[in-house]
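Residue numbers (the working numbering): 1 to 397. Glycine included, every Cβ here is placed at the ideal spot set by N, Cα and C. Quick caveat, the model's predicted, so the values are computed rather than measured.
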Amino acid sequence: MNVLVINAGSSSLKYQLMNPETGDVSAKGLCERIYIDGRLTHKVGDKKVEKDIPMPTHAEAIQAVLGILVDPVDGVIKSVDEIDAVGHRVLHGGMEFSDSCIIDDEVIAAIEKCIPLGPLHNPANLMGIRACQAVMPKTPQVAVFDTAFHMTMPPKAYRYAIPTEYYKNDDIRRYGFHGTSHKYIARRAAALVGKTDFKMVNCHLGNGSSMSAIKDGKCVDTTMGLSPLAGVPMGTRSGDIDACVVQFICNKYNMSVDECLNMLNKKSGVLGLSDGLSSDFRDLEAGAEQGNEACKLALEKFYYEVAKYVGAYAAALNGIDVLTFTAGVGENGITTRQAVCDYLGFMGVKIDPEKNKIRGKETLISTPDSKVQVWIIPTNEELMIAQDTAELVNAAK
Ligand code: ADP
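Rendered as structure tokens:
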């Protein structure tokens, strides 16, 4: 089976053509500068092709993707009919979606209803869906939501302690994001540990970071909230912050709430703490090594907050059996994993520094006597999207 996985942003569109059973990727690429001019980068194995193709809308971007997939020289299939289904990443499913689903008019209307919750991403995701429907009307399309995995959280985890009317009238609550990644890691962890009934914390630490408390494969709490701003500090996002900081800054600097939120989303996190030096952990590690105090603080704050959430979730779950690290920093950040685990000795977490010296490989890094198994598990959101898509499409046959 061939599943085309689409992740449509406001001016970009990422794609992968993959086999959901084996995880083999036959081609992948990126359309950029949609609405500006249009640029396609297409990769088959180690071969990379770059082309300037006019993309006045997402429809032309999808046309360009299909065009290159069937291209006699750079393509990997003979006809678009060889694509059995399309899986779309959709950011916000609100309270409408607790699972992936086959796209029909009702689903589109429900995704539209969630636009106020995901004002930047959902419209772009919809453009990707509509563009695919237009050019491949007979191919089944599936929506996979970044929020869906978290819909199993109990009210005590998802409700904010504010007047009920905002929840009842406006759906204001914790939703959580990176759900596709958390779901994939929960499944991989179950396969690696060899059972399904256990308690774990997954640390998805990348440019955007979120953590989830997971019991028997189901999410019971997560760090991101109504939006991806909440939780641990990230590359450029502040993470949790007292709402009065917004009021103070807006008043003092005559900023609008939107401007202040832009600062909290784009100029904060480890970028802000490192005095604007970098949001990239490799730069911060290099800076810290050279004695840069701001870089040291940015990293220390990050390790501290990640460890604090592991502790909080261990309390929420009444102990944990497994701790997993994934995404760019989680998979590659040797120092980060060591520093976070150093905080957790009190709960019996012990990692082997030698085993920890590894990047991007599925590895058990805890010692045999550690009370908690600590794993590095590389995430694969595209594969999770392709698998959900295949499952739904096969079930509907
Ligand atoms: P995104 O949230 O954008 O998907 P990724 O999961 O790709 O981000 O993570 C990107 C981050 O991973 C980079 O900002 C970088 O800080 C970090 N990273 C990548 N390689 C390393 C490494 N070798 N050591 C430490 N951090 C790394």
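With respect to the beta strand (DSSP E) encompassing residue i, which residues constitute its N-terminal and C-terminal limits?
i, result
"E289", "Taken as a continuous stretch (DSSP letters only), E289 belongs to no beta strand (DSSP E), being part of the alpha helix (DSSP H) at 281-289."
"F198", "From DSSP, F198 is part of no beta strand (DSSP E); its letter is neither H nor E."
"A27", "25-32"
"K43", "39-44"
"L4", "3-8"
"K48", "47-52"
"A143", "141-145"
"I376", "373-376"
Would you check if the distance between the CB atom of residue i and the CB atom of residue j is smaller than 8 Å?
i, j, result
"A294", "L271", "no"
"R188", "I365", "no"
"A288", "K296", "yes"
"V111", "A64", "Looking at the sequence provided, one finds Ile at residue 111 rather than Val. No, Cβ-Cβ distance for I111 and A64 is not below 8 Å."
"S370", "K357", "no"
"I62", "V135", "yes"
"C219", "F149", "yes"
"T223", "V232", "yes"
"G128", "H92", "no"
"N122", "R89", "no"
"V340", "Y303", "yes"
"K199", "K215", "yes"
"E382", "M18", "yes"
"A327", "S238", "no"
"C132", "I36", "no"
"V107", "D74", "no"
"N380", "R359", "no"
"P20", "G38", "no"
"H204", "G330", "yes"
"V44", "V86", "no"
"E391", "T335", "no"
"F325", "R337", "yes"
Helix, strand or coil for residue i? Go by DSSP, reduced to three states.
i, result
"S209", "strand"
"R173", "coil"
"G93", "coil"
"M18", "strand"
"E391", "helix"
"A75", "The identity of residue 75 in the sequence shown is Gly, whereas the question assumes Ala. Residue state, collapsed to three classes: coil."
"L69", "helix"
"I214", "strand"
"D240", "coil"
"C101", "strand"
"L323", "strand"
"D258", "helix"
"C114", "coil"
"L383", "helix"
"D275", "coil"
"A85", "strand"
"T335", "helix"
"R223", "It is Thr, not Arg, that sits at residue 223 in the sequence shown. Residue state, collapsed to three classes: coil."
"T363", "strand"
So residue i packs on residue j, CB below 8 Å; how close in whole Å?
i, j, result
"S11", "R33", "6 Å"
"G217", "T236", "With 8 Å as the limit, G217 and T236 do not qualify as a contact, their Cβ atoms being about 32 Å apart."
"G23", "T41", "Going by Cβ atoms, the distance from G23 to T41 rounds to 22 Å, so no, they are not a contact pair."
"Y309", "M211", "5 Å"
"L264", "I241", "7 Å"
"G94", "D171", "6 Å"
Please list the terminal residues of the continuous alpha helix (DSSP H) segment that includes residue i.
i, result
"F302", "293-317"
"E331", "327-332"
"E354", "E354 -> no alpha helix (DSSP H), and no H or E assigned at all."
"V193", "179-193"
"G231", "Here G231 belongs to no alpha helix (DSSP H), and DSSP marks it neither H nor E."
"N125", "121-135"
"A148", "Element bounds for A148: n/a, residue is neither H nor E."
"K267", "It is not in any alpha helix (DSSP H) - K267 carries neither H nor E in the DSSP assignment."
"P155", "155-158"
Taking 7 Å as the cut-off, is the beta-carbon of residue i closer than that to any non-hydrogen atom of the ligand ADP?
i, result
"N332", "yes"
"G291", "no"
"A327", "yes"
"E300", "no"
"N207", "yes"
"R130", "no"
"R359", "yes"
"E285", "yes"
"G235", "yes"
Please confirm whether any heavy atom of the ligand HEM lies closer than 7 Å to the CB of residue i.
i, result
"D280", "Summarising the ligand content, the structure contains the ligand ADP and does not contain the ligand HEM."
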